[in-house]
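*Asks:*
Residue numbers (the UniProt record's numbering), protein chains in the order written: chain A, 1 to 269; chain B, 1 to 287.
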């Protein structure tokens, strides 16, 4: 299948902290995502995968290197209102924290309608109808959309977050640890939903997670991050069954040998 | 039954039990005082700015609260002063909270930025600290002596003097809200920074300042009275509780207690009544 949209990270580095005590969260990473690829970014906490995900959508600006959308610098595009809307229509993002990802003073429907109002300039009635249609397509009762975020469960909130991202029909969806805060049964449902939604709507996916099996299920490709760098990448099946890098082997082993505390745990290099 | 056909009762805004009548009595004293402020000046037995009897008549049938050392009717003056004192306090509270919201958001949203905007925000923050370090009454004395004691001058001066506490409260809340993921979600949804600030950051940052309005209101009544007491408040014979206290203090020392006691009691009652009413209104809002 031919890709129509390409999002490229070109040797991106992101430093945090003061100049004297700066720390590279991401270091010289190259990554290309298209609307037909489903890439998983895996690694332990602090490996830089979330920062890379945020740089891909322009929520963080790289300290060095740049992110390009179809050959144009993302940070430059985001400076201009018209082009910014185009970028947001093309690339959407879902955050990890289901609790704080919705304004507590607005109903869930208001939040799902928001991209339609601001990115497409739709009238409220049209935006409302389209938002409810998307919400219903994700298996959520439309009446629930009139609720405030704190009156629904974490899993339901995450479905609404997915609805908010999918309502604009993006070409690329970046998901940052979207199932980490959810219990295992809900995780499965959300993963199925995401995979199906991306396949049906023809959207590329960047799935940031520390859960190897979940990522392997949703994505065709895996990129393993360690200390701010991609240390291994390849097809999901290959990486999971035949990991090359020592760190990846440790990560796979850690998932295979998950036991109660004290029963012996795998040590990552 | 498919999930899409399940009907779920819509849950709207935070539920407020409108049948809960307990606690409303706490609002009554302030409503009575506000009513006095509105209709009181039309029902006065005497002109509060004219000499109506001999000096220092004790409380009795003709003059319920007596007369002061100049022969002005204390009851008429206490009632007439309610409007001015509440008006000044109300305007000061609104203005101080508005200044607090604007400056607090400006500082909170920009202080960690690099460049001139961040520098300006940090400079403004230090200025607020400096203003907060000087006692309100001292600042008020200087500014009002300079610009003259009129109601608008007192309102603007007190609003500026009392705004640092609102600025700090809002700034602290902005710093918390700024890290919330729903701001990123709004940015991704195409919301611009100005709209984001006023539609998402501001409504979620003003609750602490809103709760603090009862303190600002009380302090502004007290500082207005204190300015009147030290002689830079509203010019005589304008009825104002602080000025009345100031004029009545020497009488009280001489045993003529009434000309200072009644305005002092009115001041204490107004502050207490507003605090009581605010605590009830805010309790209902928090639920």
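Where is the CB? At the ideal position from N, CA and C, for every residue including glycine.
Provide the residue span of the beta strand (DSSP E) that contains residue 175 (chain A), from first to last.
*Replies:* 172-176
*Asks:* Run through DSSP, which three-state label would residue 169 (chain A) get?
*Replies:* coil
*Asks:* What is the C-beta distance between residue 81 (chain B) and residue 240 (chain B), in whole angstroms, given that I count them as a contact (C-beta under 8 Å)?
*Replies:* 5 Å
*Asks:* Curious, which full-length alpha helix (DSSP H) runs of at least 4 residues does the region 92-123 of chain A contain?
*Replies:* 108-119
*Asks:* Would you say residue 95 (chain A) faces chain B, with C-beta separation under 8 Å as the test?
*Replies:* yes
*Asks:* Take residue 256 (chain A) as the anchor and find which of A:51, A:137, A:211 has the nearest alpha-carbon.
*Replies:* A:211
*Asks:* In chain order, what residues of the same chain have a beta carbon less than 7 Å from the beta carbon of residue 27 (chain A), not counting five sequence neighbours either side?
*Replies:* 13, 228, 229, listed in sequence order.
*Asks:* Does DSSP classify residue 197 (chain B) as helix, strand or coil?
*Replies:* helix
*Asks:* Beta strand (DSSP E) containing residue 38 (chain A): first to last residue?
*Replies:* 38-42
*Asks:* Given 7 Å as the limit, tell me if residue 12 (chain A) has its C-beta closer than that to any heavy atom belonging to the ligand MG.
*Replies:* Although the ligand MG was asked about, the structure shown includes no ligands whatsoever.
*Asks:* Given that residue 88 (chain A) touches chain B, what residues does it touch there, using C-beta distances under 9 Å?
*Replies:* Near residue 88 (chain A) (Cβ distances below 9 Å), the residues of chain B are 187, 188, 189, 190.
*Asks:* Where does residue 179 (chain B) sit, in a helix, a strand or coil, going by DSSP?
*Replies:* coil
*Asks:* Does the pairing of the region 223-236 of chain B with the region 147-164 of chain B give three or more beta-carbon distances under 8 Å?
*Replies:* yes
*Asks:* State the beta-bridge partners of residue 232 (chain A) as determined by DSSP.
*Replies:* A:224
*Asks:* Using beta-carbon positions only, say whether residue 74 (chain B) and residue 262 (chain B) come within less than 8 Å of one another.
*Replies:* Contact annotation: residue 74 (chain B) and residue 262 (chain B) have beta-carbon atoms nearer than 8 Å.
*Asks:* Please classify residue 129 (chain A): does DSSP put it in a helix, a strand, or coil?
*Replies:* helix
*Asks:* Give me the Cβ distance between residue 174 (chain A) and residue 187 (chain A), rounded to the nearest whole Å; I'm assuming they're in contact under 8 Å.
*Replies:* The C-beta distance from residue 174 (chain A) to residue 187 (chain A) rounds to 18 Å, too long to fall under 8 Å, and the pair is not in contact.
*Asks:* Rounded to whole angstroms, what's the CA-CA distance from residue 152 (chain A) to residue 105 (chain A)? Just pull it up for me.
*Replies:* The C-alpha of residue 105 (chain A) is placed about 14 Å away from the C-alpha of residue 152 (chain A).
*Asks:* Report the residue ranges of all beta strand (DSSP E) runs contained in full by the region 109-152 of chain B; include only those spanning at least 3 residues, in chain order.
*Replies:* Fully enclosed beta strand (DSSP E) runs of 3 or longer: not present.
*Asks:* Per DSSP, what are the beta-bridge partners of residue 14 (chain A) in this structure?
*Replies:* A:26
*Asks:* Can you tell which of B:190, B:131, B:258 has the C-alpha that lies nearest to the C-alpha of residue 122 (chain A)?
*Replies:* B:190
*Asks:* What three-state label does DSSP hand residue 68 (chain A) in the structure shown?
*Replies:* Correct three-state label for residue 68 (chain A): strand.
*Asks:* Does the beta carbon of residue 115 (chain A) sit closer than 8 Å to a beta carbon anywhere in chain E?
*Replies:* No chain E is part of this structure, whose protein chains are labelled A and B.
*Asks:* With a threshold of 8 Å, are at least 3 pairs of Cβ atoms found where one atom belongs to the region 142-149 of chain A and the other to the region 204-218 of chain A?
*Replies:* no
*Asks:* Can you check whether the C-beta of residue 110 (chain B) is within less than 8 Å of a C-beta belonging to chain A?
*Replies:* no
*Asks:* CB residue 170 (chain A) to CB residue 203 (chain A), shorter than 8 Å?
*Replies:* yes
*Asks:* At a cut of 8 Å, does the region 155-175 of chain B reach the region 207-224 of chain B through at least three beta carbon pairs?
*Replies:* yes
*Asks:* Quick one: complete alpha helix (DSSP H) runs, 4+ long, within the region 198-286 of chain B?
*Replies:* 202-205, 207-211, 213-229, 241-253, 258-286
*Asks:* Let's see if you can read the secondary structure: which residues bound the alpha helix (DSSP H) around residue 217 (chain A)?
*Replies:* 212-218
*Asks:* Using beta-carbon positions only, say whether residue 185 (chain B) and residue 164 (chain A) come within less than 8 Å of one another.
*Replies:* yes
*Asks:* Could you give the C-beta distance for residue 193 (chain A) and residue 138 (chain A), rounded to a whole number, given that I count them as a contact under 8 Å?
*Replies:* 6 Å
*Asks:* Please confirm if residue 187 (chain A) has its CB atom under 8 Å from at least one CB of chain B.
*Replies:* no
*Asks:* Are any of the Cβ atoms in chain A nearer than 8 Å to that of residue 180 (chain B)?
*Replies:* yes
*Asks:* Please check the pair residue 213 (chain B) and residue 158 (chain B), which I expect to be a contact at CB under 8 Å, by giving their CB distance rounded to whole angstroms.
*Replies:* About 14 Å; that fails the 8 Å criterion.
*Asks:* So, do the region 259-278 of chain B and the region 23-41 of chain B have three or more beta carbon pairs nearer to each other than 8 Å?
*Replies:* yes
*Asks:* Could you run through the region 51-73 of chain A and flag, in chain order, every residue whose CB is less than 9 Å away from some CB of chain B?
*Replies:* Flagged, chain order: 54, 57, 58, 59.
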